[in-house]
Amino acid sequence: MVKQAFSQFEFEDRILESLKKRQGVATGGDVSADTGLPLDETENVMRHMLTHYTSHLDVDDDGNLLYRFDPKLKRRGEDRARAWHKFKQKLWAAFTYFFKIWIMVTLVGYTALFLLLLLAVAIAGMAASASQDNNRGGGQLFLLPFHLFLRVLEFFFWISLFDGQRGGRGMGRGMGMGRSQRAPRKKTDKPVYQRIFDYVFGPAIKGDPLAAERAFAQFVRSRRGRITAAEWASRTGLSLEASENALTASVMRYSGDIDVSDAGTLVYTFDDLRVTVATDTATGSSADLPPVWQRQVGVAPLTGNKGSANTWISIFNGFNLTMSAVVLTMAAELQLAVVIGLGWVPLVFSLMFFSIPIIRSIQRKRALAVAEQENARRAMLEAVFMSAANGVALPVDAEALPDPQGTQFLNDFEGDVEVSEDGRTLYVFPRIAEQLRDATMARQAAAENVVFGKTVFSSDEEQLTLAESDLAEFDRRLARELGGEMAFDFDSVGVSNSSYAQVGKN
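Dropping the structure here:
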């Protein structure tokens, strides 16, 4: 399942991120909720990590495991396989970086090369016209557009693109009069190579493939490990049937169970996932997930660049496209290497440079339309679930749920149709109300917290049997009762229980 998506070391890296937040101390449920990884596999990997990292393992009287890693997460010796894994990660990061640089160098390099060729042609033309007095003026007039084009491109290339955005300048009324006032230079939002890459492929969207699983685990912990299909449907927009399928799969993923209420509602329980450290130092391991109608579907921007950057990138690529086409028109007079290097290569590159964003823009328009429809659907879902929020199915006017969504909601959430006395069509959703009510009752009957209990075994201490541990606890309680409010912890001050008994004999 997850092992197909993540390698052993990627799995371990996610666990290490969770342990860093928790200063090395966590239960399997804590880590699973932090990462979204399956609970059983998380436990297996963490037990395997005990042999590779400075760590200890505690067991409480309920058999729950507590993992205590050194906060610095030190490894016991070197692991060649892990070193190779890190090397491949760095190699891929370097390849990605140089690929972005290559795109920039190709675009800018061909622009600079074609500008130099134009400049060389202009100089050659001026030299040729200088030898002919009768054509001298006309030659300069013919070359004037080239000079203007070169100067404009040079100015905006170096100033606007590479030098970043600058503030305005305050000048004196005349040349050389007063001092120029330059506003503080603003830092560019991203480097040039990244702007060029985003122009073609779009901005990188950082997403976690386990975001949904992590959100589910944290939502379950916030609900005392008891939820129903209706509750999960209110967070995802799924139908009741699809939500039940998802929860059934989650039972396997997080070692859960299924209870049946008196009304026949399936209540999905996840007690193993709830086990946590008494002093939780991490944040985000238990978080309520906002209802789906409070979360809008968004679409990433086309480039993420400012308009001026996109304009000049388009100008440069358009210039390269034009110049490569000009070179190909003279292919018969040029060598094959020149035709390929200055004709076909920049032509294909420039066409792809333009075509990829065009295709993405078409896809983005479709995505915007889909997002708009989904957001409208989510807004209507609020009326469905709020009508049953208190465990009682209140009627919803059918006009608030127009077709086709209204009919679809009736099918998805097992709704009924009623007609009021004044002839209005009403929708009611008793199944949702029943499941929300039963989920609330199940949580009221559950413990507020499931905290790691009394340690009966620790890998860094002398092993105690359960009976010995209970006896020691009894002795401590008896000592506190005999000593009243001023009782001491005899073990902490160096006086054993046996010494206390000996004193009592005197």
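Just add 19 to wherever you are in the sequence shown, counting from 1, and you've got my numbering. Glycine residues also receive a C-beta, built at the ideal position from the N, C-alpha and C atoms.
Residues in the same chain with beta-carbon distance under 6 Å from D77, minus the five sequence neighbours each way, listed in chain order, please. Here the question's residue 77 lines up with position 58 in the sequence shown. Contacts found: L85, T474 and S477.
Quick check: the Cα distance between A261 and T255, rounded to an integer number of angstroms? Translated into positions along the sequence shown, residue 261 becomes position 242. Translated into positions along the sequence shown, residue 255 becomes position 236. Cα to Cα, A261 sits roughly 10 Å from T255.
Please confirm if V78 has its CB atom under 9 Å from at least one CB of chain D. Absence of chain D from the displayed structure is noted, only one protein chain being present.
Just the Cα atoms here: how many angstroms apart are Q427 and P320? In the sequence shown, the residue the question calls residue 427 occupies position 408. In the sequence shown, the residue the question calls residue 320 occupies position 301. Their backbone Cα atoms lie some 31 Å apart in a straight line.
Check whether the Cβ atoms of M123 and I215 sit closer than 9 Å, and answer yes or no. The residue you call residue 123 lines up with position 104 of the sequence shown. The residue you call residue 215 lines up with position 196 of the sequence shown. The beta carbons of M123 and I215 sit closer together than 9 Å.
Leaving aside the five residues before and after L420 along the sequence, list all residues of the same chain whose C-beta is less than 8 Å from its C-beta, in chain order. For the purposes of this step, residue 420 is taken as residue 401 along the sequence shown, with counting starting at 1. Answer for L420: M399, A402, V403, F428 and Y446, listed in chain order.
For the beta strand (DSSP E) containing R214, name the first residue and the last one. Within the sequence shown, the letter at position 195 stands for residue 214. Segment V211 to F220 is the alpha helix (DSSP H) holding R214; no beta strand (DSSP E) there.
For R450, which of M460, R443, A464 and E433 has the nearest alpha-carbon? To locate residue 450, count along the sequence shown from 1; it is residue 431. The candidate whose alpha carbon is nearest that of R450 is E433.
Here's the rule I'm using: 16 or more other beta-carbon atoms within 10 Å means buried, otherwise exposed. How should A230 be labelled? Stepping through the sequence shown from its first residue, residue 230 is reached at position 211. Residue environment for A230: exposed (fewer than 16 other C-beta atoms within 10 angstroms of its C-beta).
For the region 45-64 against the region 95-105, are there 3 or more C-beta pairs whose distance is under 8 Å? No, they do not touch.
With DSSP as the reference, label D53 as helix, strand or coil. In the sequence shown, residue 53 corresponds to position 34, counting from 1. DSSP, reduced to helix, strand and coil, places D53 within a helical segment of the structure shown.
Return the chain-ordered list of same chain residues with a C-beta closer than 7 Å to the C-beta of T284, the five sequence neighbours on each side being excluded. Taking the first residue of the sequence shown as position 1, residue 284 is located at position 265. The residues are T247, E453, Q454 and D457.
Report the rounded CA-to-CA distance for S258 versus S26, giving the unit in angstroms. Position 239 of the sequence shown holds residue 258. Position 7 of the sequence shown holds residue 26. Inter-residue distance for S258 and S26 is about 33 Å (C-alpha atoms, whole angstroms).
Between K109, G55, V294 and I381, which lies nearest to R33 when the distance is taken from Cα to Cα? Counting from one through the sequence shown, the residue named residue 33 turns up at place 14. Distances from the alpha-carbon of R33 to those of K109, G55, V294 and I381 put G55 closest.
DSSP state of E437, grouped into three classes? Locating residue 437 in the sequence shown gives position 418, where the first residue counts as 1. Of the three classes helix, strand and coil, the one that applies to E437 here is strand, per DSSP.
Identify the continuous alpha helix (DSSP H) that holds I377 and give its terminal residues. Here residue 377 corresponds to residue number 358 of the sequence shown, with the count starting at 1. Residues V364 to M405.
CA-CA distance, G326 and P210? For this step, residue 326 is matched to residue 307 along the sequence shown. For this step, residue 210 is matched to residue 191 along the sequence shown. Those two C-alpha atoms are separated by around 15 Å.
For G317, does the count of other Cβ atoms within 10 angstroms reach 16, so buried, or fall short, so exposed? Residue 317 sits at position 298 when you count from the first residue of the sequence shown. G317 comes out exposed.
Should D182 go down as buried or exposed, given a rule of 16 or more other Cβ atoms within 10 Å for buried? The count along the sequence shown starts at 1 and reaches residue 182 at position 163. Note on D182: pLDDT 46, under 50, position unreliable in the model; no value is reported.
Quick one, are the C-beta atoms of R293 and N468 less than 9 Å apart? Here the question's residue 293 lines up with position 274 in the sequence shown. Here the question's residue 468 lines up with position 449 in the sequence shown. Yes, Cβ-Cβ distance for R293 and N468 is below 9 Å.
Keeping to the same chain, check which residues put their C-beta closer than 6 Å to that of Q315; ignore five residues upstream and five downstream. Translated into positions along the sequence shown, residue 315 becomes position 296. Only N394 meet the Cβ criterion.
Count Cβ pairs between the region 336-353 and the region 118-138 that sit closer than 8 Å; are there 3 or more? Taking a cut-off of 8 Å on C-beta distances, the region 336-353 touches the region 118-138, as three or more cross pairs fall below it.
Rounded to a whole number of angstroms, what is the C-alpha to C-alpha distance between Y71 and V44? Sequence index remark: in the sequence shown, residue 71 carries index 52 (1-based). Sequence index remark: in the sequence shown, residue 44 carries index 25 (1-based). Going by the sequence as given, residue 71 is His instead of Tyr. Rounded to the nearest whole angstrom, the C-alpha separation of H71 and V44 is 16 Å.
What would DSSP say about S74, mapped onto helix, strand or coil? Taking the first residue of the sequence shown as position 1, residue 74 is located at position 55. In the structure shown, S74 sits in a strand (DSSP, three-state: E or B).
Taking its Cβ as the centre, do 16 or more other Cβ atoms sit within 10 Å of K91, making it buried, or is it exposed? On the sequence shown, position 72 is the one that residue 91 refers to. Looking at its Cβ environment, which holds fewer than 16 other Cβ atoms inside 10 Å, K91 is exposed.
Considering only C-alpha positions, which residue in the set F30, S51, V311 and L126 is nearest to G275? Taking the sequence shown and counting its residues from 1, the one referred to as residue 275 is at position 256. Among F30, S51, V311 and L126, the Cα nearest to that of G275 belongs to S51.
CB contact flag (Y218, T115, <9 Å): The residue given as residue 218 occupies position 199 in the sequence shown. The residue given as residue 115 occupies position 96 in the sequence shown. Taking 9 Å as the Cβ cut-off, Y218 and T115 do not qualify as a contacting pair.
Please say whether D49 and T73 have beta carbons closer to each other than 9 Å? As a first step, residue 73 must be located in the sequence shown, where it is residue number 54. As a first step, residue 49 must be located in the sequence shown, where it is residue number 30. No; because the gap between Cβ atoms is not below 9 Å, this pair is not in contact.
Reduced DSSP category for Y129 - H, G, I as helix; E, B as strand; rest coil: Stepping through the sequence shown from its first residue, residue 129 is reached at position 110. Here Y129 sits in helix by DSSP.
Take R379 and list the residues in its own chain whose beta-carbon comes closer than 7 Å to its own, dropping the five residues that flank it on each side. For the purposes of this step, residue 379 is taken as residue 360 along the sequence shown, with counting starting at 1. Here the set comprises G221 and L321.
Tell me where the alpha helix (DSSP H) around D307 begins and ends. For the purposes of this step, residue 307 is identified with residue 288 of the sequence shown, where counting begins at 1. Here D307 belongs to no alpha helix (DSSP H), and DSSP marks it neither H nor E.
DSSP state of F432 mapped onto helix, strand, coil: Counting from 1 along the sequence shown, the entry for residue 432 is found at position 413. Here F432 sits in coil by DSSP.
What number of angstroms, rounded off, separates the C-alpha of F30 from the C-alpha of K109? Mapped onto the sequence shown, residue 30 falls at position 11. Mapped onto the sequence shown, residue 109 falls at position 90. Each residue's Cα considered, the two are about 17 Å apart.
Determine the DSSP secondary structure at R245, reduced to helix, strand or coil. Reading the sequence shown from its first residue, position 226 is the one you call residue 245. Here R245 sits in strand by DSSP.
Excluding five sequence neighbours on each side, which residues of the same chain lie with their C-beta closer than 6 Å to the C-beta of S369? Start at 1 with the first residue of the sequence shown, and residue 369 comes out as number 350. By the criterion of a C-beta distance shorter than 6 Å, S369 is surrounded in its chain by N336, N339 and L340, once the five residues flanking it on both sides are discounted.
My assumption, with CB atoms under 8 Å, is that F448 sits in contact with A417. Please give the rounded CB distance. One-based indexing of the sequence shown puts residue 448 at position 429. One-based indexing of the sequence shown puts residue 417 at position 398. Incorrect: roughly 13 Å between the Cβ atoms, too far for contact.
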